[in-house]
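Numbering (the UniProt record's numbering), first residue to last: 1 to 524.
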């Protein structure tokens, strides 16, 4: 099985040219690219920065252009995982091989690699052999290679299959922390149309590399499904296992244990699992830079890709590190690089440096495998979504549903939907599994209990009620309501007798929590 990256559509491409020079010590023809210090610096960056494996591959291909050969770099790339999940050990091993080709890695400049070629690589969206240049690759090439200060003289180690498999864990962790999917990454590849009606294969892969391999193959245009039943299994459509293998980088060949063609009946069962997420809906991002963030569905795109709105982690202007805030349109530079969409005299969307923002929320795209549907997110996790003002009715319904999980027997509630609209009663039982509750009418205690859906009621507060804050900066505060003026609740804290004003506007009508409140005031 060839380990070259060159085959992308059945092996029709001619063999690539090899650029070599004579090694005076061993009288062997050595690829010229292996004597390029900056190329080795790209590998070093993989071990010493947050660069992902795919970003490293893209950067190496973009930099070397037609001098790149996957076979030449197979051994250096294997050494990237030779430290048994210890990047420092892997770097020492890599440096030993590096010095075999470059006597003084820190001082040697690039060999036969003019700057003009680097510039041309940045201007192309695709290099020879259909490799896409990622933004991270361009950023790396634009930066001057850092000085390498490793100076180890230990013997070169042999990388065993066991060591490589163990190192996949570290690689997968790096991928989860640093991968980001943009709409640019989701462009259809020519191979896709030919393969979407091919055979379906089941791949058993190293568990910790499942998401990375799936993502890599999707970028090559394959239809890939991560198994919903067992870890480490991928279903994908292709014309043959050979095509799949040749679409993987050589560093991942050992991660795929076997390929099995499945029957049409099983294929139909797999395809039935590809359901479409509801819209609107709340999702949790499972991997990548935004891992753990809650987002709301914006729209569904082809190939099981979902566009979502999420609170940005990176700001296009200066902000303190660790800040959590919406992107402010007024903070962006007032020039032609910002394009706006105005609705009802309000700027609702703007684009800046390739990113789109909707009322301060960032638009991102993810494959559905990387998203988890959540019915009722914690109120704190959607606070900034509420601040944005985007899709207010949906957020109102979400907060109402969140508050209802705290309904207990004896609480008062009012029916706001359905044939019993307006009925007021006391909760006698709740069934959160079925999403229902029973109410005893406040007007006639002898009447039959009413069974209604949780989503059709709202909590009713009265002066004297004991409340507990379940979200926000006052989390855990307990007290009793002493005044109610429209949307304003004044609560006396039990332990200190301090009064706190909770502003519960119509969005929070009926909630047992105040996410926005004024400063505390003392009682005397």
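All C-beta atoms, glycine included, are put in the ideal place defined by N, C-alpha and C.
Residue i - containing beta strand (DSSP E), residue span
i           : result
residue 233 : 233-238
residue 442 : Where residue 442 is concerned, there is no enclosing beta strand (DSSP E), given that its DSSP letter is neither H nor E.
residue 282 : 282-285
Span separating the alpha-carbon of residue i from that of residue j
i           : j           : result
residue 290 : residue 370 : 10 Å
residue 363 : residue 380 : 20 Å
residue 55  : residue 267 : 32 Å
residue 227 : residue 303 : 16 Å
residue 182 : residue 221 : Annotation note: pLDDT 39 at residue 182 (below 50); position unreliable, coordinate value reported separately. Rounded to the nearest angstrom, the two C-alpha atoms are 15 Å apart.
residue 258 : residue 205 : 8 Å
residue 232 : residue 76  : 26 Å
residue 448 : residue 480 : 31 Å
residue 42  : residue 72  : 15 Å
residue 493 : residue 428 : 28 Å
residue 282 : residue 332 : 28 Å
residue 52  : residue 241 : 26 Å
residue 215 : residue 269 : 22 Å
residue 386 : residue 451 : 31 Å
residue 497 : residue 48  : 54 Å
residue 372 : residue 306 : 12 Å
residue 414 : residue 439 : 9 Å
residue 57  : residue 358 : 33 Å
residue 399 : residue 65  : 53 Å
residue 402 : residue 409 : 17 Å
residue 40  : residue 388 : 46 Å
residue 212 : residue 243 : 18 Å
residue 468 : residue 422 : 26 Å
residue 319 : residue 419 : 51 Å
residue 355 : residue 50  : 22 Å
residue 489 : residue 465 : 11 Å
residue 287 : residue 198 : 29 Å
residue 96  : residue 35  : 14 Å
One or two residues paired with residue i in a DSSP bridge
i           : result
residue 356 : 351
residue 364 : 308
residue 202 : 235 and 260
residue 331 : Paired residue(s): none; residue 331 is not in a bridge.
residue 396 : The partner list for residue 396 (beta bridge, DSSP) is empty, contrary to what the question assumes.
residue 299 : 307
residue 431 : 436
residue 460 : 412
residue 496 : Paired residues: none, contrary to the question.
residue 491 : 481 and 500
residue 294 : 284
Simplified DSSP state of residue i, which is helix, strand or coil
i           : result
residue 259 : strand
residue 416 : coil
residue 379 : helix
residue 481 : strand
residue 404 : helix
residue 466 : strand
residue 373 : strand
residue 122 : Legend: pLDDT at residue 122 = 34, less than 50; position of this residue unreliable, value from coordinates given subsequently. Note: residue 122 maps to helix in three-state DSSP.
residue 453 : strand
residue 223 : strand
residue 426 : strand
residue 71  : coil
residue 325 : coil
residue 317 : coil
residue 53  : helix
residue 60  : helix
residue 251 : helix
residue 266 : helix
residue 544 : Given a span of 1 to 524 for the chain in the structure shown, any question on residue 544 remains unanswerable.
residue 66  : helix
residue 386 : helix
Presumed contact (8 Å Cβ cut-off) between residue i and residue j, rounded CB distance
i           : j           : result
residue 78  : residue 251 : 7 Å
residue 412 : residue 460 : 4 Å
residue 382 : residue 395 : 7 Å
residue 256 : residue 203 : 6 Å
residue 310 : residue 361 : 7 Å
residue 91  : residue 45  : Actually they do not touch by this definition, with Cβ atoms about 11 Å apart.
residue 284 : residue 294 : 6 Å
residue 248 : residue 210 : So it is not a contact: roughly 13 Å between Cβ atoms.
Start-to-end residues for the alpha helix (DSSP H) that takes in residue i
i           : result
residue 47  : 37-48
residue 97  : 87-101
residue 216 : 210-219
residue 245 : 241-246
residue 79  : 74-79
Residue-level contact to chain B via CB, residue i, 9 Å cutoff
i           : result
residue 214 : Judged by its chain identifiers, the structure shown contains no chain B, having just a single protein chain.
Closer than 8 Å: residue i CB and nearest the ligand COA heavy atom
i           : result
residue 391 : This structure lacks the ligand COA; in fact it carries no ligand of any kind.
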